[in-house]
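Asks: For the sequence shown, the positions run -17 to -1, 1 to 961 when mature numbering (1 follows the signal peptide of the UniProt record, and there is no 0) is used.
Would you mind keeping the following structure in view while I ask a few things?
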Amino acid sequence: MASAPVSSSMFMRLVSTWRLLALRSDVDSIILELLGVFSLEKIYSEGDKETYQQLLVTLLAQLNSIFYIQRLSLPSENLQVGWYLGFIVSWEVTLRSIEYVLQIVIEGRESLWEAQLLRDKYLAEFLLSALRVLTLHPKTPANQRAKDRRDRFARIHTSLERVFSSYPGNNSFLLQIAKDITDALRKDPESLGLPSGLKYEIPNLASELYPLAECFSSARISALAPPDGFSSGWLSQFLALRDVSHFVVGASVQYVVNRENRGMHLQASSSRARNAILHTLDNIQLPAYLLKIDLVAEFSETFRIILPSTPSLQRRASESQIDESEMDAIDAFCSRLSERQIVHRVSDREVMHAMSEVTRNIALLDDSSEQFRHIWGLLKPFEATADTINVERHLSTHYFQLAPPKVEAGVSHFSSSNVLSSGQTEFSSHRESPDRSHSISQSLVSPLSPGFRHMPDAPAPQMNSVDSFNIKETIIQSETPFSPDLVGSPGPSQSRFEQPAPVLSFDPVPIVRSRTIPMIAPPEKGKSKWRSPFGSRKESVGTSADTSSLSSSNLDSQRLDEISLKPLAGVPKKNAKGKGAKSISVYLSQNSTYALFWNPFSIYIFDVGPSPPTIGRAISTESACVLVAVTKVHLAYVIGTRDQKLTLRIVNLVQPSTPAIDYRMASSPWCRSIAICPKENYVVIGFDNSLVRLYSTTNSEPPREDRLHSRYHPECKDCPPVDTLSFSNDGLHLLGTTRSHKTGIIQVYSWKFPFSSFDEVSSCRYQVPLHESEDGGVSSAIFRSGSGDDEDVICITTWTQSGVPILVQPQDGHRTDIRSEISVRQNRLGSRIQCAAFSPTGTELALVNDKGDLYQISSLNSSPMNINKLATSKELTAKSESFAMTFMTLPDEEAIVMAWADFAKGMGYIKKLPTSSSGMGSVTSTPGITRAIPETSHFELHAESKQPPQPPAELVSPDTPSMFKSMKGLGLAKDNSF
């Protein structure tokens, strides 16, 4: 059968809504939820007509998609009603929804006056669909008599008349018909039923709608409005033909939803039904106030959904703009519905847990037959984490599109203590801000975390800093730190735990005392004494890379802040054993404006929000530090001791009086990667032999341990380490990666909140050849949560010669290489990628290559993608721990922040590049050091199960019919935007 033209975008939306709405038992709850969300959204839309109109278009489009499916769900009169009642919206909810929407339109006259298309199209279509469901509903309220129903329809008719009075002028064809329907129903609720030919034969979506039923044949359609019919029955004829047209479209939608590959000649039969309906419309005797051309135009637009060759007779000029809003509304609706595959209530928690265990155990079985695969295929689409669904409601962005309005200027607010402040818990809003010279000294005050000795820096010369800060330098004789050689393999004559020479000691200070951290860099001679002790601000870029491709406007917007890190670089030669002691590592927080500069002996926390950055705290690690991470609330680092042990220490930065949490563990397997959940719930560490442990940030309970190869063998020996760990920006997804020592295959593993189980993302397997020169392995694997019409996306980058960065959609395995224009050599992205980060909105991706060039990538769903070189920094000769990059929301702007350190010069660099993206509010800006912020509460937010996960590769049948086969059988082109 020949392929048909590409179907409309509305067809694709109908396919999505059909999948998610057909035969659901919680339709009432969904409708009430939509109405409730609209009621709360409109509170913040007062005074903004365009926003209010958009909200109402969204509501009407989503309700109309529900009642379209509901009309196709109604059983014929020869079927038992009982089984269908669970999937049909209640009569009362439907009628009250109509009354509520009409009331909104009446009351919103001032905001909706200019939105004529909203009333003429979306309101009218909703009324027709909902009224049709009311008319044919098999279960009216038991306590209602015919008179009661007439009164209810009379209320609707009265409200609709008020709409006509509030918006005088010409009204649309469909809106006028809606008024005629309510007028007929208020006189006789049974007057608009189905004709006898359809009443007992019309199918519903619980069965297959294809091939088209006999009652939809050309002869039967023509009999619905005979040429010699009575003019008084025109309304029933119109509604019957409208029902038939919806079922014809629904048959094509169901064909694709079921992934049917049988040749049903559905397109040809649909064309015959369309032709019969359009010819039969000539027999309908319309009232004088209605035009026949408008009647034909409405039906032709319906059939254009599946038959694009149908001529369009619409006369609306602004339809395309509103249609785009309708598409966006349906996409957002489908995205939310996909997170609720079944009714999720608190009582479902145990059921969901049991189902998860069943599917997980089946996936681990070595099944040579088809039986387990079949069971897994039936259960897996319904698997969900009840804890996740139940808590998602507390996310501020889960339901609402509009943020609360900003508070007017001049309104006083109380500030609370800063995370890194000196502990001052009161800050009057009317207090005059200190001048620059005083604010710097106050910002240097840092609290002491319990269990840590405060770390002073070397005093600045010619400033009497010893007297000013009361610092004493002594040599540690009792204990020497753990060797930083731990990252590399020990030499034959050197133990892995060999200790370096003694380093500077730090005087213990009582917890109640605050101690000023000394200035890291002295003022340069000849400079003003008011110069910031933390560095200078430069309007320049790095000198190690070509900047000829950067525009002058880009250069002007880039800021380079320099920070002196001589205390971190000034390790005496006798202490500098191992490569870790001769480097300064860098880490940027994912949910705040904090940056870490650290070496094995000390950690400096900077707030890079202001320019120049301000230091908040300096901590002695007491022993050699190997891994560090920071968020807005917690600092986590791993240290080693002489007793062949590792210790994970978690420090609460918000509440200095909270004791630090220590987790002690053996040094084998060795730790390789670390990440902190942006929701502040877990610290996750990756080890050798494909082992991952999750540690609680609130108590010292034993960590949960996941062996990534548990499905292959009970215990790993010489398995690859977990090279990278990363959380999504919303903190609801965790990714870990390994790379085989033998084959070079990169494997990606995924967790979803509450991170009780993991799965390999088999679609992300990526083979990169081994034994290349300068092979740095996997540099990043990051997750972007899908929203609206966008799928979840995983980005994988490597520091290799042949492993180009890629984007993978885990749901369907679609893979895209990220390549820049090869002909422009100076702008070439390359394959050696240092780091990658998604913007909080997920619409942009940032990459830094071995040249230190920063690339901003947008239009991630397009081909080709938009790749722009934004800045340059420090050229890298190998994958380095001394370089980091991420997106941040700074006090005054949203920016991409790069940070790197130069050990030889004893300097740190912070470069901020403002972005044009908006809506990046998920990353919280850390207030200035002299401000106060409230105590941060503990987050307990759950994952977003966008779509059911794909089955493991072992359970995927090569015979599974594909969507393209379904489309081919329907007669649609293969490239039909699927």
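The beta-carbon is built from N, C-alpha and C at its ideal position, and this holds for glycine as well.
Every value quoted in this text rests on a predicted model; they were computed, and no experiment measured them.
When the Cα of residue 856 is compared with those of 613, 848, 847, 868, which residue comes out closest?
Replies: As a first step, residue 856 must be located in the sequence shown, where it is residue number 873. Checked all of 613, 848, 847, 868; the closest Cα to residue 856 is 868.
Asks: Classify residue 153 as buried or exposed, calling it buried when 16 or more other Cβ atoms lie within 10 Å of its own Cβ.
Replies: The residue you call residue 153 lines up with position 170 of the sequence shown. When all chains shown are included, residue 153 counts as exposed.
Asks: Counting only runs that start and end within the stretch 790 to 836, where is the beta strand (DSSP E) found for 3 or more residues in a row?
Replies: The qualifying runs are 798 to 800, 816 to 821, 828 to 832.
Asks: On a Cα-Cα basis, can you pick out the residue from 98, 311, -3, 222 that is closest to residue 234?
Replies: In the sequence shown, the residue the question calls residue 234 occupies position 251. For the residues 98, 311, -3, 222, the minimum Cα distance to residue 234 belongs to -3.
Asks: Report, in whole angstroms, the separation of the C-beta atoms of residue 812 and residue 838, which I expect to be a contact under 8 Å.
Replies: In the sequence shown, counting from the first residue as 1, residue 812 sits at position 829. In the sequence shown, counting from the first residue as 1, residue 838 sits at position 855. Contact flag correct, Cβ pair sits at about 6 Å.
Asks: Would residue 583 pass as a contact of residue 544 if the rule is Cβ separation under 8 Å?
Replies: By 1-based counting over the sequence shown, the position of residue 583 is 600. By 1-based counting over the sequence shown, the position of residue 544 is 561. No, these two residues do not count as a Cβ contact at 8 Å.
Asks: Taking only the alpha-carbon atoms, compute the straight-line gap between residue 630 and residue 318 and give it to the nearest angstrom.
Replies: Here residue 630 is taken as the residue at index 647 of the sequence shown, counted from 1. Here residue 318 is taken as the residue at index 335 of the sequence shown, counted from 1. Rounded to whole angstroms, residue 630 to residue 318 spans 42 Å at the Cα level.
Asks: Quick check on DSSP: helix, strand or coil for residue 643?
Replies: The residue given as residue 643 occupies position 660 in the sequence shown. Reduced to three states, the DSSP call for residue 643 is coil.
Asks: Going by the CB atoms, is the gap between residue 297 and residue 280 shorter than 8 Å?
Replies: Mapped onto the sequence shown, residue 280 falls at position 297. Mapped onto the sequence shown, residue 297 falls at position 314. For residue 280 and residue 297, yes; Cβs fall inside 8 Å.
Asks: Residue 140: buried (16+ other C-beta within 10 angstroms of its C-beta) or exposed?
Replies: Translated into positions along the sequence shown, residue 140 becomes position 157. With 16 or more other Cβ atoms within 10 Å, it is buried.
Asks: If distances are taken between C-alpha atoms only, which option among 48, 209, 24 comes closest to residue 266?
Replies: Sequence index remark: in the sequence shown, residue 266 carries index 283 (1-based). The option with the nearest alpha carbon to residue 266 is 209.
Asks: Helix, strand or coil for residue 741 per DSSP?
Replies: The sequence position of residue 741 within the sequence shown is 758, counting from 1. Here residue 741 sits in strand by DSSP.
Asks: Quick check on the burial criterion: 16 or more other C-beta atoms within 10 angstroms. Buried or exposed for residue 288?
Replies: Numbered from 1 along the sequence shown, position 305 holds the residue referred to as residue 288. Answer is buried; the Cβ neighbour count reaches 16.
Asks: Are the Cβ atoms of residue 121 and residue 64 separated by less than 8 Å?
Replies: Here the question's residue 121 lines up with position 138 in the sequence shown. Here the question's residue 64 lines up with position 81 in the sequence shown. Yes; because the gap between Cβ atoms is below 8 Å, this pair is in contact.
Asks: Would you give the residue range spanned by the beta strand (DSSP E) that residue 581 belongs to?
Replies: Sequence index remark: in the sequence shown, residue 581 carries index 598 (1-based). Unbroken beta strand (DSSP E) run through residue 581: 577 to 582.
Asks: Between the stretch 688 to 695 and the stretch 641 to 661, do at least 3 Cβ pairs fall closer than 8 Å?
Replies: Not touching, per the Cβ criterion.
Asks: Just tell me which of 635, 888, 75 has its CA closest to the CA of residue 965.
Replies: Lying outside -17 to 961, the shown extent of the chain, residue 965 is not represented and no answer is given.
Asks: Give me the Cα-Cα distance between residue -5 and residue 311, rounded to the nearest whole angstrom.
Replies: Here residue -5 refers to the residue found at position 13 of the sequence shown. Here residue 311 refers to the residue found at position 328 of the sequence shown. Going by the C-alpha atoms only, they are around 10 Å apart.
Asks: Per DSSP, residue 872 is paired with what?
Replies: On the sequence shown, residue 872 is found 889 positions in, with the first residue counted as 1. For residue 872, which the question treats as bridged, DSSP gives the partners 877.
Asks: Do residue 817 and residue 862 have their C-beta atoms within less than 8 Å of each other?
Replies: In the sequence shown, residue 817 corresponds to position 834, counting from 1. In the sequence shown, residue 862 corresponds to position 879, counting from 1. In this structure, residue 862 lies closer than 8 Å to residue 817 by Cβ.
Asks: Please report the straight-line C-alpha distance between residue 964 and residue 660, rounded to a whole angstrom.
Replies: Lying before the first or after the last residue shown, residue 964 is absent from the chain, which here runs from -17 to 961.
Asks: Does the Cβ-Cβ distance between residue 80 and residue 46 come in under 8 Å?
Replies: As a position in the sequence shown, residue 80 is number 97, starting the count at 1. As a position in the sequence shown, residue 46 is number 63, starting the count at 1. Their beta carbons are under 8 Å apart, which means residue 80 touches residue 46 by this criterion.
Asks: Which residue spans inside the stretch 221 to 300 form an unbroken alpha helix (DSSP H) run of at least 4?
Replies: Runs of the alpha helix (DSSP H) inside the stretch 221 to 300: 249 to 263, 275 to 286.
Asks: Check this for me: beta carbons of residue 546 and residue 890, under 8 Å apart or not?
Replies: In the sequence shown, counting from the first residue as 1, residue 546 sits at position 563. In the sequence shown, counting from the first residue as 1, residue 890 sits at position 907. In contact: residue 546 and residue 890 (Cβ atoms closer than 8 Å).
Asks: Specify whether the stretch 31 to 44 and the stretch 88 to 104 touch according to this definition: at least 3 beta carbon pairs, one from each stretch, less than 8 Å apart.
Replies: Result yes; three or more Cβ-Cβ pairs closer than 8 Å.
Asks: Can you grab the Cα-Cα spacing for the pair residue 612 / residue 240, in whole Å?
Replies: For the purposes of this step, residue 612 is identified with residue 629 of the sequence shown, where counting begins at 1. For the purposes of this step, residue 240 is identified with residue 257 of the sequence shown, where counting begins at 1. Answer to the nearest angstrom: the Cα atoms are 46 Å apart.
Asks: Over the uninterrupted beta strand (DSSP E) stretch that includes residue 621, give me the two end residues.
Replies: Looking up residue 621 in the sequence shown gives position 638. That run of the beta strand (DSSP E) goes 617 to 623.
Asks: Which of the three DSSP states is assigned to residue 217 in this structure?
Replies: Residue numbering aside, residue 217 sits at position 234 when the sequence shown is read from its first letter. Residue 217 falls in the helix class under three-state DSSP.
Asks: Are the stretch 212 to 224 and the stretch 192 to 199 in contact at 8 Å, needing three or more beta carbon pairs?
Replies: No, the stretch 212 to 224 is not in contact with the stretch 192 to 199.
Asks: Taking the beta strand (DSSP E) that residue 684 falls in, what are its first and last residues?
Replies: Locating residue 684 in the sequence shown gives position 701, counting from the first residue. No beta strand (DSSP E) holds residue 684; DSSP gives it neither H nor E.
Asks: Assuming residue 680 and residue 633 are in contact, meaning their beta carbons sit under 8 Å apart, how far apart are those beta carbons, in whole angstroms?
Replies: For the purposes of this step, residue 680 is identified with residue 697 of the sequence shown, where counting begins at 1. For the purposes of this step, residue 633 is identified with residue 650 of the sequence shown, where counting begins at 1. At roughly 6 Å, the Cβ-Cβ gap stays under 8 Å, so residue 680 and residue 633 are in contact.
Asks: Determine which residues share a DSSP beta bridge with residue 840 and list them.
Replies: Here residue 840 corresponds to residue number 857 of the sequence shown, with the count starting at 1. 828, 850, per the DSSP bridge assignment.
Asks: Of all the options 151, 759, 791, 188, which has the alpha carbon lying nearest to the alpha carbon of residue 745?
Replies: Within the sequence shown, numbered from 1, the residue matching residue 745 stands at position 762. Per the Cα distances, 791.
Asks: Using a threshold of 8 Å, state whether the C-beta atoms of residue 761 and residue 720 are closer than that.
Replies: Here residue 761 refers to the residue found at position 778 of the sequence shown. Here residue 720 refers to the residue found at position 737 of the sequence shown. Contact flag set, yes.
Asks: Rounded to the nearest angstrom, what separates residue 451 and residue 603 at their Cα positions?
Replies: Within the sequence shown, numbered from 1, the residue matching residue 451 stands at position 468. Within the sequence shown, numbered from 1, the residue matching residue 603 stands at position 620. With a pLDDT of 34 at residue 451, under the threshold of 50, the modelled position of this residue cannot be trusted; read the value that follows with caution. Each residue's alpha carbon lies about 21 Å from the other.
Asks: Can you list the alpha helix (DSSP H) stretches of 4 or more residues lying completely in the stretch 94 to 146, in chain order?
Replies: With a minimum length of 4 residues, the continuous alpha helix (DSSP H) runs that stay inside the stretch 94 to 146 are 107 to 119.
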